[in-house]
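Asker: Take this structure, written in structure tokens, and hold onto it; I'll ask about it next.
Protein chains: 2
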Amino acid sequence: MSTSRVSTPRGAGRPRRVTIADIADRAGVTAAAVSLAVNGRPGVSDATRARIMDIARELDWEPSPAARALTGAPVLAVGMVLARPAEVLGNEAFFGAFVAGLQEVLSTEDYSLQMKIVESTEAEIETYRRWFGQRRVDGVVMVDLRQDDPRVPALEKLGQPALVIGGPGHHGSLPAVYVDDAVATTLLVDHLVGLGHRRIARVAGTAEFFHTAQRDRAFLDRCEELGATGVLQDAGYGAQGAAAATEGLLAEEDAPSAIIFDSDEMALAGSQVLLENGIRIPQQMAVASYEDSALARTHRPAITAIGRSAVQYGRVAATRLLEIIDADRRRPLPDAAQAATGEVRAIDPQLIVRASTAGADAG
Amino acid sequence: MSTSRVSTPRGAGRPRRVTIADIADRAGVTAAAVSLAVNGRPGVSDATRARIMDIARELDWEPSPAARALTGAPVLAVGMVLARPAEVLGNEAFFGAFVAGLQEVLSTEDYSLQMKIVESTEAEIETYRRWFGQRRVDGVVMVDLRQDDPRVPALEKLGQPALVIGGPGHHGSLPAVYVDDAVATTLLVDHLVGLGHRRIARVAGTAEFFHTAQRDRAFLDRCEELGATGVLQDAGYGAQGAAAATEGLLAEEDAPSAIIFDSDEMALAGSQVLLENGIRIPQQMAVASYEDSALARTHRPAITAIGRSAVQYGRVAATRLLEIIDADRRRPLPDAAQAATGEVRAIDPQLIVRASTAGADAG
DNA sequence: CTGAAAGCGCTTACAG
DNA sequence: CTGAAAGCGCTTACAG
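In order, the protein sequences belong to chains A and B. Using my numbering, the letters of the first sequence map in sequence onto residues 1 to 363. Using my numbering, the letters of the second sequence map in sequence onto residues 1001 to 1363.
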């Protein structure tokens, strides 16, 4: 009976939890000594430390995060706010994979991820304020970067660990992690031009997000550099828009011989339209996507895509944020350290060539 | 300058946070009075309460969750452990949507969701132990219910708020929320038989999960009841398996005229195989899925599916878990209340008929 | 290397 | 209706 020593608490409801005082009692030392021992800090002899650790294990002691947080220790949580409806999130393969990647790394450091869904950008900023004000999180990840994003100055002002997902640019002095869309675009266009395509379309998602504009520019620039014609086709959000955009392209008198879609979902929707219209992929139309996924991989024909693994993206983001939090804790001078952590990190995109473009008989 | 009164703390690092003591000072009352006031408890006059609230707002006071937790208040967090690799999670549309639904409801109650990815069932159980031991969470959601799941007795023994996602059955005395797969199966089979199909295949996912076996049984039973022939085809996990299974079915001498897939991802992969083989949907083969999604909706032809919205599922689960946590806090006698909360709740599935089965010329 | 004390921010009885 | 005190579980100086 390991519980023999636990006296019945008043109220007799839940069992009283074991604390460092219990351990100290047993070990015949003071609670302070236990604290030093279990935290691996100097101040107790090796023998005492060993004895204390044994007792702690024996009593099944678990440190109280609340008590620790109260004395200024990290709360071991990072936050992420999403200003989009749950329905939209659910439809996006990227979200689940990104979160999974974040979790994977955070878990190993015993950090938890806290998420909140809000209605507006104002509510998002207010959430950051409250989270940091209450010391609910040690840092935050900010997603869906927009142009002239009001969240950036708000987070700068808070002066707390925050990592922007997206860029480069528009993230002010905040550290950021992003996939280099310019490089990704170059990879895609070069590949298609190399196959002989001279008229290439880009079916673009919501213009609101920063990367959309960035891809637009890089796409047009690169096409021009290579002497090809770039056709921009706005599609708005999701599969519906992509299908309509594809139909629009087919209706043109001078239709392209290759289409690059902004996401796997859009590429699949577009491919369906092509199939319906009796257009063979890749023989009559090459198809590529900025986003890879299991669906892109198993589709027939499999879709050529940029291998920005959302899972990997999440892992890199989590690693980076933990670094920032760590730097923040040991910062000697607030501003110097802050500046040092404000660096960006790019994730290199890779082109994964598959059947949807391979061997295309372009032009 | 609302900060005029804040004295510079030692160390001059972070600004000292404002506490109820600051408010008490200003209001000329004691900290206890402030506590009563801000928590809406009796014990202070209306006038005093109003004055205190004003000052709290003025000083931008935020309660410290750590301090509150230390005195026994709920920590406002629920946990979910996932014993699957991040990659697998990322590929599954269900995960992101379910989490989004959970979040949506939890956020409104100021609860946060804590997730952890682990390697094994043992690690999962250990995580529950630590979470509750440390009072890191007020309750947990358990997903991926299996037959004779060792997590069920482990959670029963912990005696803390826990909700099982899945069932019915195999969740012991724990409360559960599940989609009635038997009903879903009936809806699907009845629909197909009603269209004239007499030989119907079911392409099933991983046998490990509880619902797979449940669907198998319900499928065979219902086919028999209606005088149709049910063909079971195991596919293992994901799109790859579904494609192979579909090819297997086509190769049979007596191929079915309709296929029901376990997920949207599998249905899409299977449909691709059908298209490749020149088989028209729904004219030559009807296709249906146990799982709806944006992809199933926008696919051409759109896939008939069971409308268990994963988002909605998440919402129901969160609501239920919050009820359980609440009941647990006010429980008069540990066991009586525990029993009262141990009820299950089914989410009614709906059949959404789309082009992939409509107007099929069966048999 | 060890002990005694004060404090983190809040809540909860218990007196007045 | 209000005040003073003790306590939640831990950590951090500061003496010995």
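Just so it is clear, CB atoms sit at the ideal spot from N, CA and C, and this is done for glycine as well.
Can you list the residues of chain A that I1281/B reaches, using a CB-CB cut of under 7 Å?
Answerer: Against the second sequence, residue 1281/B aligns to sequence position 281. Going along chain A, no residue has its Cβ under 7 Å from I1281/B, so there is no contact; the nearest lies around 12 Å.
Asker: What does Q1134/B touch in chain A if you count any residue whose Cβ is under 8 Å from its own?
Answerer: As a first step, residue 1134/B must be located in the second sequence, where it is residue number 134. Those are E62, P63, S64, P65, listed as they occur along chain A.
Asker: In chain B, which residues lie less than 8 Å from Q350/A when you measure between Cβ atoms?
Answerer: For the purposes of this step, residue 350/A is identified with residue 350 of the first sequence, where counting begins at 1. Those do not exist, as Q350/A stays about 16 Å from chain B at its closest Cβ, beyond 8 Å.
Asker: Compare the Cα-Cα distances from V1105/B to each of T19/A, L102/A, S35/A, A86/A and report the closest residue.
Answerer: Looking up residue 1105/B in the second sequence gives position 105. Considering only alpha carbons, the answer is A86/A.
Asker: If we call anything under 8 Å between Cβ atoms a contact, is T121/A one with A83/A?
Answerer: Your numbering for residue 121/A matches position 121 in the first sequence. Your numbering for residue 83/A matches position 83 in the first sequence. Yes, the pair counts as a contact, with Cβ atoms nearer than the cut-off.
Asker: Whole-angstrom Cβ separation of G167/A and L145/A, contact assumed at under 8 Å?
Answerer: As a first step, residue 167/A must be located in the first sequence, where it is residue number 167. As a first step, residue 145/A must be located in the first sequence, where it is residue number 145. Confirmed, Cβ separation roughly 7 Å.
Asker: From the DSSP output, which residues share a beta bridge with L1082/B?
Answerer: Position 82 of the second sequence holds residue 1082/B. Answer is I1117/B, bridged to L1082/B.
Asker: Hey, is M1142/B's beta-carbon within less than 8 Å of any beta-carbon in chain A?
Answerer: Start at 1 with the first residue of the second sequence, and residue 1142/B comes out as number 142. Closer than 8 Å: no.
Asker: Between the C-alpha atoms of E1124/B and G1133/B, what's the straight-line distance to the nearest angstrom?
Answerer: The sequence position of residue 1124/B within the second sequence is 124, counting from 1. The sequence position of residue 1133/B within the second sequence is 133, counting from 1. When rounded, the distance between both Cα atoms is 14 Å.
Asker: Do we get a CB-CB distance below 8 Å when we pair G238/A with the residues of chain B?
Answerer: Indexing the first sequence from 1 puts residue 238/A at position 238. Yes, G238/A counts as interfacial toward chain B.
Asker: What is the DSSP secondary structure of Q1233/B, counted as helix, strand or coil?
Answerer: For this step, residue 1233/B is matched to residue 233 along the second sequence. Three-state DSSP puts Q1233/B in a strand.
Asker: Quick one: is L322/A near chain B, going by C-beta distance under 8 Å?
Answerer: Mapped onto the first sequence, residue 322/A falls at position 322. No - not a single Cβ of chain B is within 8 Å of the one on L322/A.
Asker: For chain B, find out if any of its Cβ atoms is closer than 8 Å to the Cβ of R130/A; answer yes or no.
Answerer: Mapped onto the first sequence, residue 130/A falls at position 130. Yes, because at least one Cβ of chain B sits closer than 8 Å to the Cβ of R130/A.
Asker: State the start and end residues of the unbroken beta strand (DSSP E) segment that holds G1407/B.
Answerer: This structure gives no information on residue 1407/B, because the portion of chain B shown stretches from 1001 to 1363.
Asker: Taking Cβ positions only, does K157/A come closer than 8 Å to chain B?
Answerer: Mapped onto the first sequence, residue 157/A falls at position 157. Judged by the 8 Å Cβ criterion, K157/A is not in contact with chain B.
Asker: Indicate whether the contact test is met: 3 or more Cβ pairs, each with one atom in the region 1051-1071 of chain B and one in the region 1110-1117 of chain B, closer than 8 Å.
Answerer: As far as the Cβ criterion goes, the region 1051-1071 of chain B does not touch the region 1110-1117 of chain B, which means the pair count is below three.
Asker: Distance, Cα to Cα, L1321/B vs G40/A?
Answerer: Working through the second sequence from its first residue, we reach residue 1321/B at position 321. Working through the first sequence from its first residue, we reach residue 40/A at position 40. If I take the Cα positions, the gap works out to 38 Å.
Asker: Taking I1117/B as the query, report the chain A residues whose CB atoms sit under 8 Å from its CB, ordered along the chain.
Answerer: For this step, residue 1117/B is matched to residue 117 along the second sequence. Residues of chain A passing the Cβ test: A100, Q103, E104, S107.
Asker: Can you tell which of Q1214/B, A1032/B, A1327/B has the C-alpha that lies nearest to the C-alpha of Y1290/B?
Answerer: Mapped onto the second sequence, residue 1290/B falls at position 290. Closest option to Y1290/B, Cα to Cα, is Q1214/B.
Asker: Just checking: is the beta-carbon of S356/A within a distance shorter than 8 Å of some beta-carbon in chain B?
Answerer: Here residue 356/A refers to the residue found at position 356 when the first sequence is read from its first residue. False, the Cβ-Cβ gap to chain B never drops below 8 Å.
Asker: A21/A to T30/A, Cα distance in whole Å?
Answerer: Here residue 21/A refers to the residue found at position 21 when the first sequence is read from its first residue. Here residue 30/A refers to the residue found at position 30 when the first sequence is read from its first residue. A21/A and T30/A: Cα-Cα distance of roughly 8 Å.
Asker: Mapping the DSSP letters down to three states, classify V1193/B as helix, strand or coil.
Answerer: What you label residue 1193/B is simply residue 193 of the second sequence in a count that begins at 1. Reduced to three states, the DSSP call for V1193/B is helix.
Asker: When you compare the CB positions of A355/A and P301/A, do they come within less than 8 Å of one another, or not?
Answerer: Position 355 of the first sequence, counted from the first residue, corresponds to residue 355/A. Position 301 of the first sequence, counted from the first residue, corresponds to residue 301/A. Closer than 8 Å, so yes.
Asker: Can you tell me whether R1222/B is buried or exposed, with buried defined as 16 or more other CB within 10 angstroms of its CB?
Answerer: Working through the second sequence from its first residue, we reach residue 1222/B at position 222. Its Cβ being crowded by 16 or more others within 10 Å, R1222/B is buried.
Asker: Tell me which residue opens and which closes the beta strand (DSSP E) that R199/A is part of.
Answerer: Here residue 199/A refers to the residue found at position 199 when the first sequence is read from its first residue. 199-204 is the extent of the beta strand (DSSP E) around R199/A.
Asker: Terminal residues of the continuous beta strand (DSSP E) containing I1279/B?
Answerer: Here residue 1279/B is taken as the residue at index 279 of the second sequence, counted from 1. From DSSP, I1279/B is part of no beta strand (DSSP E); its letter is neither H nor E.
Asker: Below 6 Å CB to CB, which residues in the same chain sit around F1219/B once its five sequence neighbours on both sides are set aside?
Answerer: Position 219 of the second sequence, counted from the first residue, corresponds to residue 1219/B. So the list reads T1185, R1202, G1230, once near-sequence residues are dropped.
Asker: Beta-carbon separation of E265/A and A239/A under 8 Å?
Answerer: Residue numbering aside, residue 265/A sits at position 265 when the first sequence is read from its first letter. Residue numbering aside, residue 239/A sits at position 239 when the first sequence is read from its first letter. Closer than 8 Å, so yes.
Asker: Pull up the CB-CB distance for V1038/B and M1053/B, whole angstroms please, since I reckon it's below 8 Å.
Answerer: Within the second sequence, the letter at position 38 stands for residue 1038/B. Within the second sequence, the letter at position 53 stands for residue 1053/B. With a Cβ gap of about 7 Å, V1038/B and M1053/B count as contacting.
Asker: For a contact meaning CB atoms closer than 7 Å, what does A69/A contact in chain B?
Answerer: Taking the first residue of the first sequence as 1, we reach residue 69/A at position 69. Near A69/A (Cβ distances below 7 Å), the residues of chain B are A1066.
Asker: If you pair each beta-carbon of the region 138-155 of chain A with each one of the region 188-203 of chain A, do three or more pairs fall below 8 Å?
Answerer: No, because fewer than three Cβ pairs between the region 138-155 of chain A and the region 188-203 of chain A fall closer than 8 Å, the two stretches do not touch.
Asker: For Q103/A, does the count of other Cβ atoms within 10 angstroms reach 16, so buried, or fall short, so exposed?
Answerer: Taking the first residue of the first sequence as 1, we reach residue 103/A at position 103. Looking at its Cβ environment, which holds 16 or more other Cβ atoms inside 10 Å, Q103/A is buried.
Asker: Tell me the DSSP bridge mates of A1032/B?
Answerer: Here the question's residue 1032/B lines up with position 32 in the second sequence. Bridge partners of A1032/B: none, in fact.
Asker: Identify, in the order they occur along the chain, each residue of the same chain with its Cβ nearer than 6 Å to the Cβ of M80/A, setting aside the five sequence neighbours on each side.
Answerer: Your numbering for residue 80/A matches position 80 in the first sequence. Excluding positions up to five away in sequence, the list reads M115, V141.
Asker: Determine whether the Cβ of E1247/B lies closer than 8 Å to any Cβ atom of chain A.
Answerer: For the purposes of this step, residue 1247/B is identified with residue 247 of the second sequence, where counting begins at 1. No, its Cβ sits nowhere closer than 8 Å to a Cβ of chain A.
Asker: Are the C-beta atoms of F95/A and some chain B residue less than 8 Å apart?
Answerer: Taking the first residue of the first sequence as position 1, residue 95/A is located at position 95. With 8 Å as the cut-off, F95/A counts as an interface residue toward chain B.
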